[in-house]
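This report concerns only the one structure given below.
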Amino acid sequence: MLGVVARRVPQIAATLVLLSLVAWLAIGAMPGDPISLAMMADPRLGPGDVERMRALHGLDRPLLARWLAWAAGVARGEFGHSRLFARPAAEVLWPALRGSLVLLGTALALAAGIGVAAGALAAVRPRWRGAVDAAALLSGAVPAFWLGILLIILFAVTLGWLPAGGVPDGGGAWEAARFLVLPVATLAVAHLAAYARHTAAAMAETLRAPWITAARARGASEARIATRHALPNAAVPLLSILALDAGALVSGALITETVFARPGMGKLLTDAVMGNDSNLALLALLIVAAVTLLATLAADLAQRALDPRIGQGTRR
Amino acid sequence: MPKVLRRLLLASPAVSLLLAGGVAAQTRDALTIGLSQATGTFHPNIESMAAKSYILGFARRPLTAFGPDWRPLCLGCETFPTVENGGVVPETTADGRPGLRVTWRLRDDLRWGDGRPVTAEDLRLAWEAGRAFETGFGGAEFYRRAYEFLSPDPRTVTLRFDRVSFDAGSAGTFEPLPAHIERPIWEANRRDYRSRTAYDTDTTNPGLWNGPYRVVAVQPGAGVTLERNAEWRGPAPAFRRINVRVVENSAALEAQLLAGQVDMIAGELGLTLDQAIALERRARGRFRFAYRPGLTWEHLDLRLDNPVLADVRVRQALMLAIDRPRIVAALFDGRQPVAATSIHPDDPMVDPSLAPWPHDPPRAAALLEEAGWRPGTDGVRRNADGARLAVDLQTTAGNRSRETILQLIQANWRAAGVEARIANQPPRVLFGETLSRRRFGGAVLFAWISSPESVPRSTLHSDEIPVEARNWSGQNYPGYADPEMDALLEALPQELNPERRRPLWARLQAMTHRDLPALPLWHRSEPHIWPLWLDGVRPTGNLSPSSLWVADWRAR
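Taken in sequence, the protein lines are chains H and Y. According to the numbering used here, the first sequence holds residues 1 to 316 in order. According to the numbering used here, the second sequence holds residues 317 to 872 in order.
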């Protein structure tokens, strides 16, 4: 295990450095720098003003030199200033990250819990398979923005039971929970299909294995076979899905955040890229990439723990 | 009925009461306003943003503004300076050029939220920081022209300008900054002041605010909370607290209004006009709707160096082929005035004798024939060389309203034998590259926002055609160049007598009406949506937001 970690961590660090360079160059090459936008807003800016502003914002230097300056700042723990929010980039990032973690964390926990339970039910009780497949198909097919709007119309506008979106101004955990219900439900429905289908398929295959037949022959109960033998084995492929979803956890859910007007990483990242806020965009992108890479590493380690054969190679 | 479902239905009123508690708890001493744009910096002199201007309208008093009747007026000063009242005095600068001396007398009752009076020193800081280019204030031209600051007493401020301009009494973004808080920060590091100002690092400091309200909480990108400013000496505002919530998606904003989470949607930055009209049809009786035509002018900039569009007959034919009254009626319920030129019908200098171009397809066809464009077999006109009469049409991708308008214009032009090829671009590309570097070949639909009697030098003077040698500065994207227009644009600001300016304005309008460097479409209306119990909000339709008069707002 330690060997895997020692090998993978430098790879992750190198990937992040390379990613930051590519992203910096890509954002810098996009049309419409801050000066062009300032010129649209202030018609009285003359050619001399433009030149001075470029120098003031460091835009007269080559892209690579600006990336090196940015990277040096990051190495010192300075992530720069957000142009869009007029605050330090890290200060803008944390509330959005927290918002996304709460929203997606709750939604994914719910989706994984319900999805795995439904998948297990379909595998253990084949007569439920059709219903679970149909529900999974439906949840996978319903667009999140459409479901979100439907839920808002029903529960916020028509019934007035829950807020239509946004975040509470105060009111504690209960109020915060009320604001979470609809976006969490929207996201959970969208995600649970994958967990249900993969769990059902993996468990069904495991339950057909000879060693499960042997367990039954030894008198093990169906409940014990399902929970102690089949489910842990079926969990190996599920860990890969969870690792990928961990990336989604921090990259946010742009559509859900937009429909429910919740601050989060998805919207922040989009606004930063479209608004030419390089410092913020880079920081957000690196957080997303780092979490995805680290979650993949964690999933690999968990899979090796669950199935020691993984990673041992083939010996002839 | 299954037992579980029956229990659920029986329980629903109780659940409803329990869950709805938070929304119903709102009272009339608080007002929640929905806005569709977030603000970055809260500093009044750095960057110009409509959302910031709206929020600061509650919490700050600028020196001057334009009222709901579009006349300039004093908010932070006693009398708006003019030549007639002696506030504006023509003079000669030290190097012999004509200049102006403008004096503002500060109101006696203006206080910062920490109790300190607003004084000339607060304006001196704004002037000094504005003239220090590295500080990065907006309105660089204003500060360049204002070469001397004089203050004989703490309530009198005089600026000397090295140029004559009829609008010199309007202070614009020259706003007081609390020197007792901001000066030490500015002097410590002028270059980094933009990122260190207390407006962004200590936004809830009461000393930053001199309006009826002060900022008490900021949720970056999500909203702002304001409460009454105890030091405000003007008429007491009605609401103890104002919450400004940012909901950038207009469908979500509408849902929050219908769900009762926001009380009103600001017309300055809220729903689009078509959305508001659709909402009014569904929710008439629940809210009050007001539509205020404003100074946002929608138009099509034409690329005049395109050989096809260089011919004024083709431009006039394109204008005559667009059925603007029908588009306005179909999409905007007739609530936007069709434009004759860029000058709004309510502008004091509008020439009322100039009617908007009509929709006249036979006249358009005749003009195209005269210009050598004859109908082809496929319905598209061709010239003697066989070239098709085709024009590229562009606007901001993702703006549903504008995309629909382009499709209607495309159909209008097609009926006149003009092929219009739509190629929309994201706003960042369109404004940051295609327009500003003149990389368009045909027509681009977008809007300009201006103030009353704003001289359109940047869009019509030949010096303002963006070229690389001038760092792409200027906004004359069509490339319009006419020596008579240049002379008019130079003479207009220097004429201090409004009646003597009027014929200059009339000539300017006649020339743009005839030459059509841009095809005027309409003047955009702001849709304001208020609760039935709110009175006193007066939409301005200009760059001074309605929030500046929040002290007049009352709950019934």
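For glycine and all other residues, C-beta sits at the position ideal for the given N, C-alpha and C.
Give a yes or no on whether 8 Å exceeds the smallest Cβ distance from residue i to chain H.
i	result
residue 800/Y	no
residue 841/Y	no
residue 574/Y	yes
residue 536/Y	yes
residue 577/Y	yes
residue 338/Y	Low local confidence applies: a pLDDT of 43 at residue 338/Y is under 50, so the model's placement there is unreliable, with the coordinate-based value given in what follows. By this cut-off, residue 338/Y is an interface position.
residue 588/Y	no
residue 805/Y	no
residue 561/Y	yes
residue 855/Y	no
residue 543/Y	no
residue 627/Y	no
residue 454/Y	yes
residue 342/Y	Reliability fails at residue 342/Y, whose pLDDT of 45 lies under 50, so the model's placement of it is uncertain and no value is given.
residue 858/Y	no
residue 330/Y	Caution is warranted here: a pLDDT of 39 is assigned to residue 330/Y, below 50, making its placement in the model unreliable, and the coordinate value is therefore given only provisionally. Closer than 8 Å: no.
residue 745/Y	yes
Tell me, please, whether the CB atom of residue i is closer than 8 Å to any CB atom in chain Y?
i	result
residue 241/H	no
residue 167/H	yes
residue 25/H	no
residue 72/H	no
residue 78/H	no
residue 86/H	yes
residue 191/H	no
residue 266/H	no
residue 32/H	yes
residue 356/H	Residue 356/H is absent from the model: chain H starts at 1 and stops at 316.
residue 149/H	yes
residue 114/H	no
residue 258/H	yes
residue 263/H	yes
residue 52/H	yes
residue 278/H	no
The alpha helix (DSSP H) with residue i in it runs from where to where?
i	result
residue 535/Y	It is not in any alpha helix (DSSP H) - residue 535/Y instead sits in the beta strand (DSSP E) that spans 529–535.
residue 113/H	89–124
residue 370/H	Residue 370/H is absent from the model: chain H starts at 1 and stops at 316.
residue 12/H	2–29
residue 810/Y	Taken as a continuous stretch (DSSP letters only), residue 810/Y belongs to no alpha helix (DSSP H), as it is neither H nor E.
residue 678/Y	677–686
residue 362/Y	No alpha helix (DSSP H) contains residue 362/Y, which DSSP labels as neither H nor E.
For the beta strand (DSSP E) containing residue i, name the first residue and the last one.
i	result
residue 603/Y	603–618
residue 349/Y	346–351
residue 417/Y	414–421
residue 407/Y	404–408
Could you round the C-beta distance between residue i and residue j to whole angstroms and report it? I think they count as a contact, below 8 Å.
i	j	result
residue 176/H	residue 168/H	6 Å
residue 840/Y	residue 723/Y	In fact, because the Cβ distance is near 19 Å, the residues do not count as touching under 8 Å.
residue 299/H	residue 251/H	17 Å between Cβ atoms; not a contact.
residue 405/Y	residue 417/Y	4 Å
Going by DSSP, what residues sit across from residue i in a beta bridge?
i	result
residue 846/Y	604/Y
residue 735/Y	706/Y
residue 741/Y	712/Y
residue 318/H	Because chain H in this structure spans residues 1 to 316, residue 318/H falls outside the shown range and cannot be described.
residue 380/Y	390/Y
residue 851/Y	870/Y
residue 878/Y	Residue numbering for chain Y in the displayed model covers 317 to 872; residue 878/Y lies beyond these limits and cannot be assessed.
residue 81/H	88/H
residue 433/Y	427/Y
residue 839/Y	613/Y
residue 691/Y	697/Y
residue 654/Y	838/Y
Restricting to runs no shorter than 4 residues, where is the alpha helix (DSSP H) found entirely within the segment 442–510 of chain Y? DSSP runs (the alpha helix (DSSP H)) wholly in the segment 442–510 of chain Y: 456–461 and 495–504.
Can you list, in chain order, the stretches of the beta strand (DSSP E) that have 3 or more residues and sit fully within the segment 750–806 of chain Y? 759–765
With a floor of 3 residues, list each beta strand (DSSP E) that falls wholly inside the segment 188–241 of chain H, ordered by position along the chain. none
Considering only residues of the segment 513–599 of chain Y, which uninterrupted alpha helix (DSSP H) runs meet the minimum length of 4 residues and lie entirely inside it, listed in chain order? The segment 513–599 of chain Y contains these whole alpha helix (DSSP H) runs: 514–517, 566–574 and 589–599.
Which ranges would you report for the alpha helix (DSSP H) in the segment 124–169 of chain H if only whole runs of at least 4 residues count? 129–141 and 144–151
Every unbroken alpha helix (DSSP H) inside the segment 244–269 of chain H [4 residues or more]: With a minimum length of 4 residues, the continuous alpha helix (DSSP H) runs that stay inside the segment 244–269 of chain H are 254–259.
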